[in-house]
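*Asks:* Structure incoming, see below.
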Amino acid sequence: MAADELIFDPGVLRPQPICEFQGFRAADRHGGRSVLPWRAAWLEATAGGVDARASAPSPDEGRFGQALVHMQKSRPATWRDLGHAWALLEPGGRLLLCGGNDLGVTSAVKRLARELEQTPRVLANRRHARIVAF
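Just so we're aligned: 21 in my numbering is position 12 of the sequence shown, and the numbers increase by one with no gaps anywhere.
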């Protein structure tokens, strides 16, 4: 997916641990945790040494300065991940949403901006995909 390539553009990720939903490349590079409910992705991540979980950790297990949610085809699943990610952020942390135009990232960003009452900041926008920070 083109959106996955954007996470390593300069200025997108901070050099600190991350909680990543539906992906593990950022957690592999920066440390942190990856939430991967699908077995094949979980096996690949854990084989590479990534701290991967099948479900979102509790905020009692630790908070993160940044959380990255990769959009899925299922809108309810994406919104569930966004809710978990938001709960895991440290005060002042960044919520990142990554997705392709074909998944409806533009409308998802607008909806999330309304719900969070925040102005999104586009960090990368190319190859029919974007990453936005809140």
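From the three backbone atoms N, C-alpha and C, an ideal C-beta is built for every residue, glycine too.
1. Give every residue of the same chain whose Cβ lies closer than 6 Å to the Cβ of GLY32, excluding the five residues on either side of it in the sequence, and list them in chain order.
2. Over the uninterrupted beta strand (DSSP E) stretch that includes ARG130, give me the two end residues.
3. Run the CB neighbour count on GLN127, radius 10 Å, all protein chains shown included, and call it buried at 16 or more, exposed below.
4. Could you pull the start and end residues of the beta strand (DSSP E) that LEU98 belongs to?
5. According to DSSP, simplified to helix, strand and coil, what is ARG139?
6. Which residues does DSSP pair with SER43 in a beta bridge?
*Replies:* In short:
1. In chain order, HIS79 place their CB closer than 6 Å to the CB of GLY32, counting only its own chain and leaving out the 5 sequence neighbours on each side.
2. From DSSP, the beta strand (DSSP E) with ARG130 extends over 130–135.
3. The C-beta of GLN127 has fewer than 16 other C-beta atoms within 10 Å across all chains shown, which makes the residue exposed.
4. LEU98: member of the beta strand (DSSP E) spanning 98–109, first to last residue.
5. Three-state DSSP puts ARG139 in a strand.
6. Partner(s): GLU29, ALA61.
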